[in-house]
Structure formats: C-alpha cells, structure tokens
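To start, the structure under review is shown below, and the notes come after it.
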Ligand SMILES: Nc1ncnc2c1ncn2[C@@H]1O[C@H](COP(=O)(O)OP(=O)(O)OP(=O)(O)O)[C@@H](O)[C@H]1O
Ligand SMILES: [Mg+2]
C-alpha cells in the first residue's frame, strides 16, 4: 500500500487509516486510498461492506472515528469532543472542502422545490458566490452535456429516474469539483435507464475527471475505471489496475463476488440493487 | 334588511380589531412555533425540555384561564415583586397587546407541532445533498428546508389560523372591543341579541371563508413542483 501513501503534487484525494464504527459495528477498518488527478477509481464490494460509508466519510457526511482525509493536499482538521468523539475542527473548512467534492447519490436527492435549472445554479450562486448570469451559462452548458437542455424548467417530480440522475450529475459538476464521488449512481434506476447515466459518467471519465465510483456494474467498472478497489467487511481486500483485478482476481472473496455479480446484474435480481439496508 | 340601529359601524370596527389581533397573534405564533420546533428538534436537552414544557402547559391549561392570567395575573405579580423590592409602580397592560401576546403564545404551541412535523417531512437526502454541496446549516435551512416546510406546514397552519381567529372572541373578557364584545354591547343596548350575534357570526364566517380561499392559493404556490397523485 506504499502507493496509496505517496503524496504527489497531483494527488487529488488521499485518505489514510480511515476507521468508522456505528455502535459495535465496525464498518471501515483502516482504509487508505489515493486518487491522482484523472484517476477513475471503481469501488466494489458486497452490500454492507462499507462502500457508501467510505464515500460519506470522505466528504464528512459521516465523521470518521480515526484517519485522515486530504483533498488537494489540504488535510481536513479533526478534533475530539469531551467524550472523545471525533469531530471536524472547523466547520467552514468542511463546507469549503465539500464544495470541491461533487457527490452523486443513489437516490439523486434533487431539491424538489426547485426546477432543474434552479437545482444546478443553487450551490454555485449561494456557496461559491458566482454571479447568477455566469451560473446560468454554466448550467446551460452542463445540462446540454447531460442531455437535459429541454428540461430546464421541469421540476424533479416530472423527470424519469435517468433524467433526475443526469440532472444531479450536472448539479454536482456545476461546482467544478476537483473530485467526483458517485454512490451507486444507477442502482435506483429501471434497467432501461441505466445506460443513459453510465454514458454520461463514461464521458466524464474520458474528459479526464477524477472520480470515485461505487458501483455494482462490473462491466462498467472494467471499461471505465483505471483502478479498482474491492472492499470486504470494511477493509480493502484487493486493489489494482481494473483490467488486471477484474479479469484475474487473486483473492478468493473477490473471485466469489465477481461470479455472483454476473447473476446480480440480471434484471430479474433488481431487488439486490435497491437501497434496502434492512438486513440479509 | 337587518336594522342595526346605528351599531353597524361599531361592529365593523370590532371586526377590524378582531382581524388585527388575529394577525398579530398569528405572527407571534409563527415565530414562537419556529423557535419551539427548533427546540424540540434540537440536540441540546435544555432546548427539548423548554419546548416540551411550553407545549404541555398550553395543552393542559384552558385558554380563557391563560388570558385572565396574562391580563390580570402577570401585572399583579410583577407589581408585587417590584413592591417587595422597594420599587412600587403600576403597570397597565394594554388589552390589545395582552390579547395578541396571549393568543399568540397559545397558538405558538400548536404551530410548534405543525412546524416540527413539517421539518421532519423534508426528505433527509435533500438536506444531505445540500450539505454535500458545501451549504452550511443556516444556508441549508433557508434555501432547502424552509421553502419545503411551507408545503407541509400550510394545511396545519391554516387550521391554526382558523381556530385562532375564533379564539380571539375569548379576549372580549379583557375589555377589548373586538367583534365579540362589540356585538355583545350592541345586543345589550338594543335588546336585540339575535340580530347582533347573528351578524357577528356572519362576520366570523366571512373571515373563515376568505382565509380558506387564501390558503388554497398558498397551497397551490407551495406545491409547485409536486406531481399531483
Ligand atoms: N448511519 C448508520 N447507522 C448505523 N449503521 C449504519 C449507518 N450507515 C451504515 N450503517 C451500517 O454500516 C454497514 C455498511 O454500510 P454501507 O452503507 O457503507 O454499505 P455499502 O457497502 O454501501 O452497502 P450497499 O451496497 O448495500 O449500499 C451496514 O451494515 C449498514 O447497515
Ligand atoms: Mg451503499
């Protein structure tokens, strides 16, 4: 794991020794990982292996119990409260860093009282302080890129899932983030809508965006990502160049996972793709 | 046509006063309701305790009693305390202010529950998305939570308003010549209770009908972007 520890000028994101528990449940155990600029890292793992928690710790939606997160060389400073619970030392730093990390959620989470255009300009205007004019121009370009130019004034409730997710991607891109974080961006979609979203993400990869993508789409990970990280029970079980790792997995767990996923992606088994956290 | 024996103008002024007390009290109730909901949802135990006490007291004590308590009780209490401390003075609460404060205080407790429910109805994921885009807590509340809270809160707040406006009749007991008291005075003077109480009823009903129309419009506005089921 020496690779993950190297701090180069072009390290866009680095986490080191990340640990997170919910009560007695250890969800992340000493996870370290670095993304250089233009890296596309796929994160695979069984349900409950801690993939979402890893992404959420990176932008502090969950506060890690231990470990470091560096974004563009800047360490997110942490401190401990009286009970010894870790917490961010400076909330404004967290807000600032979050603005540089674009997050795309499984459930889209578009703001339902705002139109597509308003969703995309909201954070640039109110967080970055971009003049509305510029934000609107930027939004036009991005919505065109994700193929939503005809839906500018639509409210999220009037969009298909695929359109909602593409709007959410445009919303994240509008912040011009250094790194994009995708948490199973297609898992909540009907099978026929998955392709349009994957295509947008593929285009972003080709542009050289730095991205971390949690996904169950093994074929997509293999084609699009440069590196793959396989999580098992909160540990990195295997990682390496995506082709190598996915075509010739070494660890038995990854082998088993990959043979299972082949069935898992059949439309018949969509249930395993839904959010359900309610146990086995 | 009803013959109001020259008391029509007085009733009209009573109506105006009722509406003013109602609006003032509603404004206060909204502020207290937001603060109360904030307290109830707060992570701090003191906040939850204060808000819980507030709503329990209001639920447990009759409104009329609260009005008498604020108008007659509180000034006396303050005077006694002041006198005990060696600073005798007389306070005279203006009945209008007493009415607004009491009614606002009572219905603030109901608004607290409405706002609490409305806050919880805003999808968590949307709040997370706001935070993930670098929006701070205050900004998230102002730009993402508040606008959506109105949608969930409006039906409940509409109810609070309708009950509140009727409850203003109670403050006729503190000599404020709002609609109820004006009708009462006119009825006694003319010995025509049916006429004046009937007209007053129509006035209250009129307020309610206008309120319903306004509420309907407000709900359409607040529900923009929501697909009709
Ligand atoms: N806020 C929370 N409180 C308690 N437990 C949690 C919380 N969030 C996640 N967990 C638990 O942590 C474990 C890892 O969850 P996580 O969502 O990171 O898994 P995942 O790899 O993303 O799974 P999936 O593929 O189902 O999305 C699960 O057992 C989950 O139930
Ligand atoms: Mg997950």
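Protein chains in written order, with this note's numbering: chain A, 1 to 280; chain B, 1 to 229. All residues carry an ideal CB built from backbone N, CA and C; glycine is no exception. Just so we're clear, the structure is a prediction, and the values are computed from it rather than from any experiment.
DSSP places residue 182 of chain A in the strand class (E or B) of the three-state scheme. Using a Cβ-Cβ cut-off of 8 Å, residue 127 of chain A counts as an interface residue toward chain B, since at least one Cβ of chain B sits closer than that to its own.
Closest in C-alpha terms to residue 170 of chain B, from the list B:134, B:39, B:113 and B:103, comes B:103. Those residues that have a beta carbon less than 7 Å away from any non-hydrogen atom of ligand 2 are, in order along the chain, A:51, A:52, A:106, A:183, A:184 and A:214.
The way I'd put it, the stretch 95 to 111 of chain B does touch the stretch 165 to 181 of chain B; three or more beta-carbon pairs between them come closer than 8 Å. Exclusion of the five residues before and after residue 253 of chain A leaves 232 and 237 as the residues of its chain whose Cβ lies within less than 7 Å of its Cβ. A direct Cα-Cα distance of roughly 29 Å separates residue 81 of chain A from residue 144 of chain B.
The criterion of a C-beta distance shorter than 8 Å is satisfied by residue 116 of chain A and residue 152 of chain A. Residues of chain B whose Cβ lies closer than 8 Å to the Cβ of residue 211 of chain A do not exist, since the nearest Cβ in that chain is about 15 Å away. Close to chain A, meaning a Cβ-Cβ distance shorter than 8 Å, is no residue of the stretch 206 to 220 of chain B at all. Separation of residue 16 of chain A and residue 69 of chain A (C-alpha to C-alpha, rounded to the nearest whole angstrom) is 7 Å. In this structure, the straight-line span from the alpha carbon of residue 24 of chain B to that of residue 67 of chain B is close to 15 Å.
Beta-carbon to beta-carbon, residue 116 of chain B and residue 37 of chain B are separated by about 4 Å, close enough to satisfy the 8 Å threshold. Contact check for residue 240 of chain A against residue 228 of chain A passes: the beta carbons are separated by less than 8 Å. Distances from the CB of residue 84 of chain A to the heavy atoms of ligand 1 are all 7 Å or more. Between residue 157 of chain A and residue 226 of chain B the beta-carbon gap is near 6 Å, inside 8 Å, which marks them as a contact. By the 16-neighbour rule on beta-carbons within 10 angstroms, residue 112 of chain B is buried.
The three-state secondary structure of residue 36 of chain B, taken from DSSP, is helix. Residues of the same chain with a CB within less than 6 Å of the CB of residue 235 of chain A, apart from the 5 flanking positions on each side, are 29 in chain order. In the displayed model, residue 175 of chain A falls within coil according to three-state DSSP, outside both helix and strand.
A heavy atom of ligand 1 is found nearer than 7 Å to the CB of residue 48 of chain A. Of the heavy atoms belonging to ligand 1, none sits nearer than 7 Å to the Cβ of residue 17 of chain B. With respect to chain A, the C-beta atom of residue 139 of chain B has a partner C-beta closer than 8 Å. Any Cβ of chain B closer than 8 Å to the Cβ of residue 202 of chain A would place that residue at the interface, and such an atom is absent. Fewer than three pairs of CB atoms, one per stretch, sit closer than 8 Å, so the stretch 123 to 131 of chain A makes no contact with the stretch 194 to 208 of chain A.
If the five residues before and after residue 184 of chain A are omitted, its C-beta is found closer than 7 Å to the C-beta atoms of 106, 214, 215 and 216, all from its own chain and listed in chain order. In the structure shown, residue 207 of chain A adopts coil according to DSSP, grouped into three states.
Excluding the 5 residues flanking it on each side, residue 49 of chain B has no same chain C-beta neighbour closer than 7 Å. Collapsing the DSSP output to three states places residue 258 of chain A in a helix.
Where residue 237 of chain A is concerned, the enclosing beta strand (DSSP E) starts and stops at 235 to 241.
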